[in-house]
Each structure stands twice: as C-alpha cells, then as structure tokens.
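2 protein chains.
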Amino acid sequence: MRDRKAATREHLLICAQQLVASAGFSGLQMQQLANHAGVATGTLYRYFPAKEQLAAEVFKRATRIEVAQVAQALTVSAAAPAQIAHALNVFAQRALRAPTLAWALIAEPVEAAVDQQRLQFRQQYAELFATSIQRGIDNQQLPAQNAQLSSTAIVGAIAEALIGPLAQVSRHTEANTPQPSTTVVDDIVQFCLRGLLAAPYSTATTHRLIQENADD
Amino acid sequence: MRDRKAATREHLLICAQQLVASAGFSGLQMQQLANHAGVATGTLYRYFPAKEQLAAEVFKRATRIEVAQVAQALTVSAAAPAQIAHALNVFAQRALRAPTLAWALIAEPVEAAVDQQRLQFRQQYAELFATSIQRGIDNQQLPAQNAQLSSTAIVGAIAEALIGPLAQVSRHTEANTPQPSTTVVDDIVQFCLRGLLAAPYSTATTHRLIQENADD
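As they're listed, the protein sequences go chains D and L.
Letter by letter, the first sequence follows residues 1 to 216 in full-length UniProt numbering.
Letter by letter, the second sequence follows residues 1 to 216 in full-length UniProt numbering.
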C-alpha cells in the first residue's frame, strides 16, 4: 500500500515535470495534469492539495539534478579556472538543450513558494563555486578575492545572461529549434572567467573610477 | 472628485511602500495597510481589489526610482569604465542604505505578478548598461565584447551578490544597523569591472579551459 502510494506520487511528479518542460510552470494546471497522468482530479488533490506545493516539488527535483551536474563538473582533475569554466559550460549547455524547462527554473514568474526554492538553490550553486574558487586561491591558481562574493556574482551572471537566449530558443517549435548558440555560452564563460581571473584592481583604482567626475 | 481619488490612491501607495520598506512584501497585508493609511478596508479594496496588484504597483514605483538613479549615474562625463563603476556603486550603496526595501525588490519570494515586474526592470537596467558598454567599445575604452550579454551578466552579478549582504544588514534593528560594508560594494564593482575590462580570452583558450580533463 505504501509502495503504491509512493509509486503514484512519483508518477504524478514525472508527469508534472513533463508539463513544465513543455510549457513552463504556467502550463502546470491541476486538471490538465490529472488528464496527462490518467488519474481523477480528486486523486491528484489528495497527493498535492495545492498547486503551489506541487510546483515547488517539481522545481526542487529538477534543480537537484542540475546542481548535481555542476557539482560533478567541478570535480574534474584540473586547475580551478578550468574546473569552473567546465562547470559553467555544463550548466549553460544543459540549459540551452532544454530551454523551456531551464527558463521555468531560472526566470519564469512563479508563486512565492517556488521563488523560495530558487533562493535556496542559488545558494547551493554559489557554495559549490565558492569551494572551487577558494581552492584556486589557496593553490595560487586564482588571485586573492572574496570567494563567496565572486561565487554569487558568477551564479547571478550566468543565470541572468541566459534568460534572454533561453526565452528566444524556447519560443521555437521543436522541429525548428536552432542549435544552442555556442557564442552565447562562450561569452558567458569568458565574462565569468575574466571576473575571477584578471588581476584585481586595487581599491584605490576602483575608488578613482567610481568617483571620476561623479560630482558633475 | 477625480483629484481626491488620485490623492487617496497616492496616499495608499505611499503607505504600502512604507510597510514594504520596513518588513518586505510579506509585511504588506491589506488589513494592516488599511489601519496604517487610516481608511476602511472596503475603501482599500475599491482601489486595489487584489494584494498581488498592489504589490506589483509598489514594486514598479520603487524600482522606477532606482532605475532613474542608475540612468543618472551613467551620464557622468567620464570614460565608460568609470561611468559603469559609478553606476554600480550608486546601485549597491543605495541598496545597502535601505536594505529591507532593496531585499524586497531584488530577492524576496513574491507573487508571480511581482516576479513579472522584476524581469522587466532587470531588462531596463541591462539596456542602460548595454548602451554604456557599447559606447565604451566604440570609443575603445572597453575591449570588444557582446555588450548585451555583458550587461545582463553585470546586472545578474550585482543583484545576486547583494542578496546575502542585504539579508544580513536588514536583520539588524535600525538602532543597531552596521555601516554598509564598503568592502562588499568594492568587491562587487571590481568583479564587474574585471569582467568588462580585462583582455578577453580567445575562444580557443576558453575552449581549452572548458575541455581540460573534462573527460576524466
């Protein structure tokens, strides 16, 4: 009995993710999911009393897979800059290969419960990158910097930079899907690497730039 | 009559923004707002039938002011890197001076209607920075790069990097507010400037880094 319940729950979540992957969270409607999963609407509501809760669960499961891929990419035996380049590339390429799902996970306007999950997962990504950045600093493969800040900056940079391209790619029908733009991915990876790797400006230089003619 | 209606609407929006500035969007409750504004709850609902709509309006008004500040900062007569450094500094300093409001605008889990506004305003920020970056490229003050991509990357980087510090600062009571951390702001500005300014890696170098031992 407990097994059957777990199996039904799993089936419902897989079907829900299929709907999100094809039309985003706005395409996840309870009636439509019941039809797609071949269950009565009442059954669906017994498993997931609120759509918000179902959406948060779909988000969590789908994002956990992406976080694991990034974690895996950061374990390649290479210096920190190459590990990070590789992980950013994996993240971006995977997103562009499943653009509607990626757009739903990264940027789609959603209920607060899903936003809450987004905040938590962004922090998980940042912690993974921060560990790699800190190791790079310790091994003198990266210049001294605030590893935590740099890691959140690259997580924000890659997510925000992908939003436009994802929206563009996911608007095309499957038959007509353009190839994931290598240029976009390269540009994102390069921006992040420059941010991490270039010789840091001194505080004095930064202040001079900030203040330059700021009183005009 | 029309004037009085407009004045009441304005009064309600100002009171609503005060609630958001002190406790975030989760602190914006219809009953509490009616009390704070000194109107009957029924009156409030006549002006704003749904909380989601009210929240989206508060978001729009508050963010419009921040966008105008960034636009203004980008007009200082200086080379593009200094303009951008100045604008990023203005954005971050203003956020850290009103941390609860800034956290609400940038990161708080909210209704989908507010998320929608967030997407649009992020695009407005990106367009402002893109114009400045493109001018910098044209004037050879910045290396050749995809101005649109770099601009979304810095918007994402500064927003994401501020989330942690904002949450930390806004947890303190007003009497006990720590000074906005200059270090955090410097680190953010420096990361973004490095991303924009450092000599870009060749595509070949980027590919080499991405692939290095990636098949282990």
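A virtual CB, placed ideally from N, CA and C, is assigned to each residue, including glycine.
**Report entry** Closest by C-alpha distance to residue 67 of chain D, when choosing among D:8, D:35 and D:123
**Finding:** D:123
Query raised in the report: Do you know offhand how far residue 183 of chain D's Cα is from residue 199 of chain L's?
Result: 17 Å
Requested in this report: Determine the contact status of residue 60 of chain D and residue 30 of chain D, defining contact as a CB-CB distance below 8 Å.
Outcome: no
Query raised in the report: Excluding five sequence neighbours on each side, which residues of the same chain lie with their C-beta closer than 8 Å to the C-beta of residue 81 of chain L?
Result: 136, 141, 142, 193, 196 and 197
Requested in this report: Measure from the C-beta of residue 193 of chain D to each C-beta in chain L and report whether the shortest distance is under 8 Å.
Outcome: yes
Query raised in the report: What did DSSP end up calling residue 30 of chain L once you bin it into helix, strand or coil?
Result: helix
Requested in this report: With residue 162 of chain D as the anchor, note down where its alpha helix (DSSP H) starts and where it stops.
Outcome: 147-170
Query - Endpoints, alpha helix (DSSP H) assigned at residue 88 of chain D - result: 80-97
Query - Outcome for residue 20 of chain L when other beta-carbon atoms lying within 10 angstroms are tallied against a minimum of 16 - result: buried
Query raised in the report: So does the stretch 34-48 of chain L actually touch the stretch 151-163 of chain L, counting three or more Cβ pairs closer than 8 Å?
Result: no
Query - Of the residues D:12, D:204, D:125 and D:103, the one placed nearest residue 165 of chain D, counting alpha carbons only - result: D:103
Requested in this report: Taking only the alpha-carbon atoms, compute the straight-line gap between residue 162 of chain L and residue 209 of chain L and give it to the nearest angstrom.
Outcome: 29 Å
Query raised in the report: Taking only beta-carbon atoms, is residue 99 of chain L less than 8 Å away from chain D?
Result: no
Requested in this report: Please check if any C-beta of chain L sits within less than 8 Å of the C-beta of residue 132 of chain D.
Outcome: no
Query raised in the report: Does residue 71 of chain L come within less than 8 Å of chain D when only Cβ atoms are used?
Result: no
Query - Stretch-stretch touch, CB-based, cutoff 8 Å, three pairs: the stretch 86-102 of chain L with the stretch 7-21 of chain L - result: yes
Query raised in the report: Hey, quick one: how far does the alpha helix (DSSP H) through residue 70 of chain D stretch, first residue to last?
Result: 51-73
Report task. Could you have a look at residue 35 of chain L and say whether DSSP puts it in helix, strand or coil? Result -> helix
Query raised in the report: Are residue 191 of chain D and residue 149 of chain L close, meaning C-beta to C-beta below 8 Å?
Result: yes
Query raised in the report: How would you label residue 159 of chain D, buried or exposed, when you count the other beta carbons within 10 angstroms and need 16 or more for buried?
Result: buried
Report task. Would you verify that the beta carbon of residue 32 of chain L is, or is not, closer than 8 Å to some beta carbon of chain D? Result -> no
Query raised in the report: Ends of the alpha helix (DSSP H) at residue 24 of chain L?
Result: It is not in any alpha helix (DSSP H) - residue 24 of chain L carries neither H nor E in the DSSP assignment.
Query raised in the report: What are the start and end residues of the alpha helix (DSSP H) that includes residue 48 of chain L?
Result: Neither: residue 48 of chain L is in no alpha helix (DSSP H) and is coded neither H nor E.
Query - Residues that residue 137 of chain D contacts on chain L, provided the C-beta gap is smaller than 8 Å - result: Those do not exist, as residue 137 of chain D stays about 13 Å from chain L at its closest Cβ, beyond 8 Å.
**Report entry** Helix, strand or coil at residue 141 of chain D [DSSP, three-state]
**Finding:** coil
Requested in this report: Tell me whether residue 119 of chain L is buried or exposed, calling it buried when 16 or more other Cβ atoms sit within 10 Å of its Cβ.
Outcome: exposed
Report task. Measure the alpha-carbon distance for residue 35 of chain D versus residue 8 of chain D and round it to whole angstroms. Result -> 14 Å
Query raised in the report: Which term fits residue 109 of chain D, buried or exposed, when burial requires 16 or more other beta carbons within 10 angstroms of its beta carbon?
Result: buried
Query raised in the report: How many Å lie between residue 32 of chain L and residue 48 of chain L at the Cα?
Result: 14 Å
Query raised in the report: How would you list, in chain order, the residues of chain D whose beta-carbon sits under 9 Å from the beta-carbon of residue 159 of chain L?
Result: 156 and 160
Requested in this report: If I'm right that residue 221 of chain L touches residue 92 of chain L with Cβ under 8 Å, what's the distance once you round it to whole angstroms?
Outcome: Outside the displayed span of chain L (1 to 216) sits residue 221 of chain L, for which this structure offers no information.
Query raised in the report: Whose Cβ in chain L lies nearer than 8 Å to the Cβ of residue 81 of chain D?
Result: 209
Query raised in the report: In chain order, what residues of the same chain lie with their CB nearer than 8 Å to the CB of residue 45 of chain L, ignoring the 5 residues before and after it?
Result: 30
**Report entry** Where residue 175 of chain D falls: helix, strand or coil (DSSP)
**Finding:** Only weak support is given to the placement of residue 175 of chain D: the predicted model assigns it a pLDDT of 48, under 50, and the question is left unresolved by the model.
Report task. Answer yes or no: does any C-beta atom of chain L fall closer than 8 Å to that of residue 152 of chain D? Result -> yes
Query raised in the report: Should residue 132 of chain D go down as buried or exposed, given a rule of 16 or more other Cβ atoms within 10 Å for buried?
Result: buried
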